[in-house]
Each structure stands twice: as structure tokens, then as C-alpha cells.
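Chemist: Input: one structure, supplied below.
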Amino acid sequence: MEIQGSVALVTGANRGLGQHLADELVRRGAAKVYAAARHTEQITSAGVMPLQLDINNPHSVAAAAAAAPDITLLVNNAGNYNEATLLDGAMDDIRALMETHYFGTLSVTRAFAPLLIANAPGAILNVASVLSWLHPASTGAYNAAKAALWAQTDSVREELASHDVTVTALHVGYMDTDMISDLSVVKNDPGLIAAAALDGVATEAQEVLADDLTRQIRASLGCDQAYLATS
Ligand SMILES: NC(=O)c1ccc[n+]([C@@H]2O[C@H](COP(=O)([O-])OP(=O)(O)OC[C@H]3O[C@@H](n4cnc5c(N)ncnc54)[C@H](OP(=O)(O)O)[C@@H]3O)[C@@H](O)[C@H]2O)c1
167 MEIQGSVALV TGANRGLGQH LADELVRRGA AKVYAAARHT EQITSAGVMP LQLDINNPHS
227 VAAAAAAAPD ITLLVNNAGN YNEATLLDGA MDDIRALMET HYFGTLSVTR AFAPLLIANA
287 PGAILNVASV LSWLHPASTG AYNAAKAALW AQTDSVREEL ASHDVTVTAL HVGYMDTDMI
347 SDLSVVKNDP GLIAAAALDG VATEAQEVLA DDLTRQIRAS LGCDQAYLAT S
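The opening position of the sequence shown corresponds to residue 167 in my numbering, with each subsequent residue numbered one higher.
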């Protein structure tokens, strides 16, 4: 899909990867970039149109769809994080992750799909994770939410295939954003990841595997889980 001239909407565009995606879309000549966020006053990107959107609030989702009827590229980036484990974590924390990554993203996609079809050709980019496939106990709830989003992405891709709307999944490991600011690990530059993700949209890739860790885990999916845990 041609990024130049597209009308894009990025969820969670006030910080982190979402802000980089919005900035990169402007740089690549998108005709309009709706920077959607719960707190639009936090949006500092130049050349974007702030748009209020809480992806977990059905009224907010409907209002955003009504306000952006010209959309041709939907970027489902918004996401939350906690370290709830599946046996000991609070059920509310486990539900909060599924609510946002799976149901929130799905409700945004359902609201915007008719517009993307009407304005086709179009595209959707869903921000998943290496944890769609790698499932350590320490992030059990988050893994499940991203695995569910991966499955959602594949099914939605098939539903939209005949409507000239492509669907790309971004899978990535650690990124240097607020989400994992407490972790002392080597992190990817979210600006570079945003660029790789939009390259994938432009080439209509089904998946963007954005770093070595992600490519390694994807390649070892047929292996014993014990191997994945130690690799
Ligand atoms: N950082 C990593 O290592 C990493 C790795 C793989 C995948 N990811 C994924 O990358 C995406 C972006 O995360 P990030 O690293 O940029 O994290 P971040 O800096 O914490 O940003 C998260 C963004 O999502 C927004 N958000 C959360 N819940 C929302 C809701 N209900 N409605 C609207 N916006 C909401 C936040 O808005 P507020 O400011 O209002 O909270 C914020 O803009 C997420 O899907 C995340 O799961 C991150």
C-alpha cells in the first residue's frame, strides 16, 4: 500500500512506538495522520491531527470512527502491560491485558473496517510482539493477550483479503519505551521499528519480524518449549 497520500490513524500516538509511527507517517508523506490518544493534550508531534480515543470505550471508538471517515490506514498500536502471572496474578490484571490487546483492538478494527473497505485500497497494521510466540511464565497474561492478537490478525486478514485491505502484524522484542523502562536489557530503537513496520505495510507483508530475537523465536516455533526457554 502506498504510504504517501494515505490517511492514517495511529492509536496510542501520544508516546512510545505510537508517537514514532505517527511521526514516520508524516515524514513519508501521508496526506493526513490522525494521532489518536486517550489524552490528546499529550500529543507533541508536528503535522498530525489529534483525536480522542480510548480503545476500551465503545462510545469513544464510535466517535473516533465518525470523526475519521477518510481513513485508509489503521495502525492498532495502543497497548498496556503488567507482569501478572496466570496462576498467581490478579484476574483483573489478566483481564485488563486481554481487554485492551484483544477486545480493544478488535473493537477499533470492527469500527474502522467498513471505512477502510469503502476507501480501499487500504491497510491495517497490528502491533503484536515476540511474546505472541514466546511464553515465559513471568509475563503469562501479556503473552496470552499478544498470542490472541496474533490469531485475530490472521483471521481479520483473511476476512479483508477480498476487499483490497491488507493486514500486517508487527512482531518485535524489547523496545526503548515507557512500557519496559524498568527492564535492564538491550532495547530496540522504536523509531527504527516504526520505519520497519511501515516498510512492511508498504510492501503488503503479512508479518514484520523486526529484530533478531523475534526472527530467532519465530524460526524455532516447531521446537520443544524447553529449548525456547533456554535460548
Ligand atoms: N516496549 C516494548 O518492549 C514492546 C515490545 C513489543 C510490543 N510492544 C507493543 O507496542 C505497542 C506500543 O507500546 P509502547 O512500547 O510504545 O508502550 P508505551 O510507551 O507504554 O505506550 C503505550 C501507548 O498505548 C496507549 N494506550 C494504552 N491503553 C490504551 C487505551 N485503552 N486506549 C488508547 N490508548 C491506550 C497509551 O496511552 P496512555 O498514555 O493514555 O497510557 C500509550 O500511548 C503496544 O501494543 C505494546 O504491547 C511493546
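Idealized CB from N, CA, C, for every residue including glycine.
None of the values given here were measured: they were computed from a predicted structure.
What separation, rounded to the nearest whole angstrom, lies between the Cα atoms of residue 297 and residue 179?
Modeler: The sequence position of residue 297 within the sequence shown is 131, counting from 1. The sequence position of residue 179 within the sequence shown is 13, counting from 1. Cα to Cα, residue 297 sits roughly 22 Å from residue 179.
Chemist: Are the stretch 314-331 and the stretch 264-279 touching by the rule of at least three beta carbon pairs closer than 8 Å?
Modeler: yes
Chemist: Just to confirm the assignment: which complete beta strand (DSSP E) runs, minimum length 3, are found wholly within the stretch 280-343?
Modeler: 288-293 and 331-337
Chemist: Between residue 379 and residue 339, is the Cβ-Cβ spacing less than 8 Å?
Modeler: Your numbering for residue 379 matches position 213 in the sequence shown. Your numbering for residue 339 matches position 173 in the sequence shown. Taking 8 Å as the Cβ cut-off, residue 379 and residue 339 qualify as a contacting pair.
Chemist: Go ahead and pull the three-state DSSP assignment for residue 199.
Modeler: Counted from its first residue, the sequence shown places residue 199 at position 33. Residue 199 falls in the strand class under three-state DSSP.
Chemist: Any heavy atom of ligand 1 inside 7 Å of the beta-carbon of residue 399?
Modeler: Nothing in the structure corresponds to residue 399, since the chain is present only between 167 and 397.
Chemist: Can at least three beta-carbon pairs, one atom from the stretch 294-309 and one from the stretch 345-355, be found at a separation below 8 Å?
Modeler: no
Chemist: Mapping the DSSP letters down to three states, classify residue 253 as helix, strand or coil.
Modeler: Taking the first residue of the sequence shown as position 1, residue 253 is located at position 87. Here residue 253 sits in coil by DSSP.
Chemist: Taking the continuous alpha helix (DSSP H) assigned at residue 224, which residues delimit it?
Modeler: Locating residue 224 in the sequence shown gives position 58, where the first residue counts as 1. Counting along the chain, the alpha helix (DSSP H) containing residue 224 begins and ends at 224-233.
Chemist: DSSP three-state label for residue 368, please.
Modeler: As a working mapping, residue 368 is identified with position 202 in the sequence shown. Residue 368 falls in the helix class under three-state DSSP.
Chemist: Please indicate yes or no: does the CB of residue 378 lie closer than 7 Å to some heavy atom of ligand 1?
Modeler: By 1-based counting over the sequence shown, the position of residue 378 is 212. Residue 378 Cβ: outside cutoff for every heavy atom of ligand 1.
Chemist: Going by the beta-carbon positions, is the gap between residue 202 and residue 231 smaller than 8 Å?
Modeler: As a position in the sequence shown, residue 202 is number 36, starting the count at 1. As a position in the sequence shown, residue 231 is number 65, starting the count at 1. Cβ atoms of residue 202 and residue 231: not closer than 8 Å.
Chemist: Need the endpoints of the alpha helix (DSSP H) that residue 382 sits in, please.
Modeler: For the purposes of this step, residue 382 is identified with residue 216 of the sequence shown, where counting begins at 1. Where residue 382 is concerned, the enclosing alpha helix (DSSP H) stretches over 378-385.
Chemist: The beta strand (DSSP E) spanning residue 373 covers which residue range?
Modeler: On the sequence shown, residue 373 is found 207 positions in, with the first residue counted as 1. Looking at the DSSP string, the run of the beta strand (DSSP E) that includes residue 373 is 373-375.
Chemist: For the stretch 194-212 against the stretch 250-267, do three or more pairs of beta-carbon atoms, one drawn from each stretch, fall closer than 8 Å, so that the two count as touching?
Modeler: No contact exists between the stretch 194-212 and the stretch 250-267.
Chemist: Under 7 Å from any heavy atom of ligand 1, does the C-beta of residue 227 make it?
Modeler: Position 61 of the sequence shown, counting from 1, holds the residue named residue 227. Outside the cutoff, so no.
Chemist: Assuming the contact rule is C-beta atoms closer than 8 Å, residue 306 and residue 251 should be a hit. Round their C-beta distance to whole Å, please.
Modeler: The count along the sequence shown starts at 1 and reaches residue 306 at position 140. The count along the sequence shown starts at 1 and reaches residue 251 at position 85. 5 Å between Cβ atoms; contact.
Chemist: Tell me whether residue 364 is buried or exposed, calling it buried when 16 or more other Cβ atoms sit within 10 Å of its Cβ.
Modeler: As a working mapping, residue 364 is identified with position 198 in the sequence shown. Counting Cβ neighbours within 10 Å, residue 364 comes out buried, since at least 16 surround it.
Chemist: Compute every distance between the C-beta of residue 369 and the non-hydrogen atoms of ligand 1, then say whether any falls below 7 Å.
Modeler: Residue numbering aside, residue 369 sits at position 203 when the sequence shown is read from its first letter. Not under cutoff, so the answer is no.
Chemist: Would you tell me roughly how many angstroms separate the C-alpha atoms of residue 195 and residue 173, rounded to the nearest one?
Modeler: As a first step, residue 195 is located in the sequence shown; it is residue number 29 there, counting from the start. As a first step, residue 173 is located in the sequence shown; it is residue number 7 there, counting from the start. Straight-line Cα distance between these residues: approximately 10 Å.
Chemist: If the criterion is Cβ atoms closer than 8 Å, does the pair residue 227 and residue 219 meet it?
Modeler: One-based indexing of the sequence shown puts residue 227 at position 61. One-based indexing of the sequence shown puts residue 219 at position 53. Yes, these two residues count as a Cβ contact at 8 Å.
Chemist: If I measure Cβ to Cβ from residue 357 and keep anything under 6 Å in the same chain, skipping five residues before and after, which residues do I get?
Modeler: Within the sequence shown, residue 357 is the residue found at index 191, counting from 1. Cβ neighbours of residue 357 beyond the five flanking positions: 186.
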